[in-house]
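Sequential numbering of the sequence shown, starting at 3, is according to our numbering. Glycine included, C-beta positions come from ideal geometry on N, C-alpha and C. Scroll down for the structure; my scribbles are underneath it.
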Amino acid sequence: MWQWLVDRSTDMWQWLFGTNSDMWHWLVGNCSDMCQWMVDRSTDMWQWLFGNSSDMWQWMIVYSSDLWQWLVGNCSDMRLWLVDNSSDMWQWLVDRSNDMWQWLVGNSSDMWQ
């Protein structure tokens with residue numbers, strides 16, 4: 003991997019510096035357009051936020067009790083599920099850890115290259 007990086011670093015550096023001036027020209031040429039676009043839309047976005055803020059607040063107030071109720075109602079079920087399945091999940095991890103370790107050991111020399 004190290005060799006691969008060293009071999010390609012010159013190409014990447016060349017690409018960055020070779021295209022750097024083009025990107026710089028593009029940014030300078032389009033900067034005013036992008037700034038203008040943001041200014042043109044900022045009023046609309048601000049208007050949208052203030053126009054819809056009361057609706058969003060209302061929605062949160064209406065649904066917050068339902069969400070809270072759902073969490074409280076399902077909390078014990080979720081806890082039971084975790085307790086019931088924790089041994090299976092642990093077993094799954096133990097079963098696969100050996101395979102993963104084997105894979106890492108088998109492929110580490112390739113990755114290091």
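What does the alpha-carbon distance come out to for the pair residue i and residue j?
| i | j | result |
| --- | --- | --- |
| residue 45 | residue 17 | 40 Å |
| residue 81 | residue 72 | 14 Å |
| residue 40 | residue 50 | 15 Å |
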